[in-house]
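In what follows, a structure is listed as structure tokens, so that the remarks can point back to it.
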Amino acid sequence: MNLPRYAAVAAVSLAGLLASAGHDLTPARADDSNAGSVKLERLSWSDFQKRIASNTQAKWTVVDAWATNCGPCKENFPHLVELHKKYGSKGLAVVSLSLDDPTDEKAVADAEKFLKEKKATFTNVLLSDDSGDGFDKLNISAIPAVFLYGPDGKEVKRFTMDDPNNQFTYEEVEREVASRLADGKASN
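Taken in order, the sequence shown gives residues -21 to -1, 1 to 167; the numbers are from mature numbering (1 follows the signal peptide of the UniProt record, and there is no 0).
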């Protein structure tokens, strides 16, 4: 491995991410001055993946895929807010990933309004590019869907509604998060 070249590429990549990032994935802190702000950040699929992979501030990252036209997503969203409140200061980064159509101004406005109503003061992302359907990119057929990423930025667990006979609950997500944070386990 050519370490100087690798370091240079990593530095350029990180600089690009920081320059394009309005919000990082830093876990919540008690003294967080942005604790009350809610923002819906537009990111391409590629930039979203880079952001997750480069997250070095959090021990674990939970990504919740949702949309404003999904009743179960909106009904269960308060569980995501609670995860952030309960575990954000313990090293959990929480990300909501809106799969709303970025070209539909009403859907985007509805998403922003919903996030503010729910006090979603964590990272909120709207896939913004022409990179294809979010469902295909995430390899899911239904939402809500929740993904748990380890400290190395790799997906370690997914909770989906794909199988009608095996629907996840947010209580299962919380148990998994609590377990991973307690023992630092990075593998399945």
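Glycine included, each C-beta is placed from N, C-alpha and C at the ideal position. Nothing here was measured: the structure is a model prediction, and the numbers come from that model.
Who does residue i pair with in a DSSP beta bridge?
| i | result |
| --- | --- |
| residue 136 | 127 |
| residue 44 | 76, 124 |
| residue 21 | 105 |
Which stretch, first to last residue, makes up the beta strand (DSSP E) that contains residue i?
| i | result |
| --- | --- |
| residue 103 | 102 to 106 |
Can you grab the Cα-Cα spacing for the pair residue i / residue j, in whole Å?
| i | j | result |
| --- | --- | --- |
| residue 138 | residue 116 | 15 Å |
| residue 97 | residue 162 | 30 Å |
| residue 38 | residue 157 | 12 Å |
| residue 84 | residue 90 | 10 Å |
| residue 160 | residue 118 | 26 Å |
| residue 94 | residue 64 | 15 Å |
| residue 66 | residue 57 | 14 Å |
| residue 92 | residue 60 | 15 Å |
| residue 82 | residue 144 | 34 Å |
Apart from the five residues on each side of it in sequence, which residues of its chain come closer than 6 Å, Cβ to Cβ, to residue i?
| i | result |
| --- | --- |
| residue 80 | 86 |
| residue 21 | 105, 107 |
Where do the N-terminal and C-terminal ends of the alpha helix (DSSP H) with residue i fall, by residue?
| i | result |
| --- | --- |
| residue 32 | 24 to 32 |
| residue 55 | 50 to 66 |
| residue 142 | No alpha helix (DSSP H) holds residue 142; DSSP gives it neither H nor E. |
| residue 113 | 113 to 117 |
| residue 93 | 84 to 96 |
| residue 157 | 149 to 162 |
By Cβ distance, which residues of its chain are closer than 7 Å to residue i, with the 5 residues on each side in sequence left out?
| i | result |
| --- | --- |
| residue 40 | 4, 31, 34, 72, 74, 128 |
| residue 46 | 52, 77, 78, 79, 122 |
| residue 55 | 123, 149 |
| residue 153 | 62 |
| residue 151 | 138 |
| residue 99 | 17, 60, 75 |
Starting from the Cα of residue i, find the closest Cα among the options and give me that residue.
| i | options | result |
| --- | --- | --- |
| residue 148 | 160, 125, 105 | 125 |
| residue 24 | 18, 140, 108 | 108 |
| residue 131 | 18, 36, 26, 27 | 36 |
| residue 135 | 144, 94, 112, 155 | 155 |
| residue 140 | 100, 133, 114 | 114 |
| residue 49 | 29, 120, 18, 101 | 120 |
| residue 42 | 68, 112, 101, 142 | 101 |
| residue 112 | 66, 44, 133 | 44 |
| residue 27 | 70, 16, 103 | 103 |
| residue 133 | 29, 16, 59, 92 | 29 |
| residue 19 | 70, 88, 82 | 88 |
For residue i, which residues in the same chain have their Cβ closer than 8 Å to its Cβ, ignoring the five residues on either side in sequence?
| i | result |
| --- | --- |
| residue 146 | 140 |
| residue 70 | 6, 37, 38, 39, 160 |
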